[in-house]
Amino acid sequence: MTTSTTEVRVRAPGKLNLALAVGSLREDGYHPLATVFQAVSAYEEVTARPADDLTLTVSGLGADAVPTDGSNLALRAAHLLARATGVEPRAALHVRKGVPTGGGMAGGSADAAATLLACDALWQTGLPRARLAELAAELGADVPFPLHGQTAVGRGRGDLLTPALSRGEYHWALALRADGLSTPEVFARFDAMGGDGVGELEVPSSLLQALRAGDAVELGRVLVNDLQPVALDLLPDLADTFEVVREAGALGALVSGSGPTVAALGRNRQHALALAAAVTAAGVADDVLCVVGPVPGARLVAPVSRGGSAGDPAGPAPTR
Ligand code: C5P
C-alpha cells in the first residue's frame, strides 16, 4: 500500500420499485422488466481497510441472515474489481446493514455497489463510474441502481438504467417481515402462476408524470407491481398489512420488488410515522421503518473526496 489511506467508507441506498412490470422468462433465466426505482434513506455502509487478504464481517439489521462465504455479493464485488484491474484482492471489509435483508429492497446489491466504490478508492484503481456500472451489472440485475441512486427507469433485467425526473420528497412507512422471500423463488412462482403474456413492457406514463409533478396523491394511486400477487400468494397475511395502511389513510401501498416488504406512502413525514405506528399497533409486521426518497447513489463518506465535501454525509436517515 503506497498511500496513507487507512479506511474508506461508502454508503449506498436501498430501493423501492414504484412500478414493476414483468415479462415472460427469457432463455438466460431472467425475466425482462420495466421498472421505476426510487433510492430511499435506508443505507448499507461498507468500510474497507488495508489488509493482507480479503475478509468480511457484517453487523446491523438482519446481519445474522447474511452469508459471509464466497456467495456474499460484497466479496464477489471485491474479487471482480480485483480481476478487472489486475490488483490483489486485499481488504478487510465490514458491512453495516441498514436495509432490510431479503425484503425486496436490494440490500445485498447495495453492499456490492458500495464495495465496488470502496475498493476502487482503497486500491486507487480509479475506474470511471461507467466502468463500475458495467461491473455492477455483471454482479446482479439490481446492483447498478444503488450506484446510480435517485430515480431511474430500469429495463432489460432491471440493469439498463435511464434517469427519471422526480420533484419533491416521498415519505414511506415500510412494514418489514422476518420471513424474507427469495427473489428466484418469487420469479419461479410468477411463472408457475401463468407469468405474463407477450406484449410491450412499459411503466405507466401516469406514474412518471406524477413523479415529475411531485404529486404524491397521484403517485399513490398508480403504484403497481406484477410480483405483488405472487408475494401475496406466498404470504397471504400480507393482505392484513395492506388493510391496515389503507385504513390509516395511506396514499397508496405496494410490495417492493420481490417482497415481502410493504411500502406505504404517507402524505408527509408525520403521516408516514403514523402509518408505521398503525402497522405496529395492529401487529401486522415484525418491524417498521420510515424512509424518504429519492436519495443519491453510492458515495464516499470517509475520507471526504479531494476538492470538495462529501455533500451531506449524514443525509436523510430512516426513522423507527
Ligand atoms: O441478478 P440477481 O442475482 O439479483 O437475480 C437473482 C435471480 O432472480 C435470478 O437468478 C433470476 O432467477 C431472478 N430474476 C429474474 N429476472 C430478473 C431479475 C432476477 O428472473 N429481471
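Using our numbering, the first residue of the sequence shown is number 253, and each one after it goes up by one. For glycine and all other residues, C-beta sits at the position ideal for the given N, C-alpha and C.
* Per DSSP, cross-strand counterpart(s) of Leu-433 -> Partner(s): none; Leu-433 has no beta bridge.
* Comparing the CB of Pro-512 with every heavy atom of the ligand C5P, is any distance shorter than 7 Å? -> no
* Which runs of the beta strand (DSSP E), 3 residues or longer, sit entirely within the region 364-413? -> 403-407
* Asked: Touching or not, the region 524-536 and the region 341-348, by the rule of three or more beta carbon pairs under 8 Å?
  -> no
* Asked: Taking the alpha-carbon positions, what's the Pro-398 to Pro-548 distance?
  -> 8 Å
* **His-283 (DSSP reduced to helix, strand or coil)** => coil
* Out of Arg-383, Leu-369, Pro-570, point me to the one whose CA is closest to Val-298's CA. => Leu-369
* To do: In angstroms with no decimal places, state the Cα-to-Cα distance between Ala-291 and Pro-265.
  => 6 Å
* **C-alpha gap between Ala-530 and Val-497, whole angstroms** => 7 Å
* To do: Tell whether a beta-carbon distance below 8 Å holds between Gly-518 and Trp-424.
  => yes
* **Reference Thr-513; option with closest CA among Thr-320, Val-310, Thr-353** => Thr-353
* Asked: Between which two residues does the beta strand (DSSP E) carrying Ser-311 extend?
  -> 306-312
* Asked: Would a C-beta distance cut-off of 8 Å place Glu-454 and Ala-273 closer than the cut-off?
  -> yes
* Asked: Residue range of the alpha helix (DSSP H) that Ala-515 falls in?
  -> Premise fails: Ala-515 lies in the beta strand (DSSP E), 514-518, not in any alpha helix (DSSP H).
* Residue interval of the beta strand (DSSP E) (run including Arg-348) -> 343-349
* **According to DSSP, residues forming a beta bridge with Gln-290** => Leu-268, Thr-403
* What residues come near the ligand C5P, if near means a beta carbon less than 6 Å from any of its heavy atoms? -> Gly-281, Tyr-282, His-283, Leu-285, Gly-392, Ala-393, Asp-394, Arg-409, Gly-410, Thr-435, Pro-436, Phe-439
* Would you say the region 479-492 touches the region 397-414, given that touching needs at least three Cβ pairs under 8 Å? -> no
* Asked: Is Leu-332 helix, strand or coil by DSSP?
  -> helix
* Asked: Beta carbon of Asp-489: closer than 7 Å to some heavy atom of the ligand FAD?
  -> The model on display carries the ligand C5P but not the ligand FAD.
* So what does DSSP say about Glu-470, is it helix, strand or coil? -> helix
* Check whether the Cβ atoms of Ala-416 and Asp-538 sit closer than 8 Å, and answer yes or no. => no
* To do: Answer with buried or exposed for Gly-511, where buried requires no fewer than 16 other C-beta atoms within 10 angstroms of its C-beta.
  => buried
* To do: Indicate whether Ala-366 and Glu-296 have their beta-carbon atoms separated by less than 8 Å.
  => yes
* Exposure of Val-351, with buried meaning 16 or more beta-carbon neighbours within 10 Å -> buried
* To do: Grab me the residues of Asp-305's own chain with a C-beta within less than 7 Å of its C-beta, minus the 5 sequence neighbours each way, in chain order.
  => Arg-342
* Asked: Are Asp-363 and Ala-326 touching if we call contact CB-CB under 8 Å?
  -> yes
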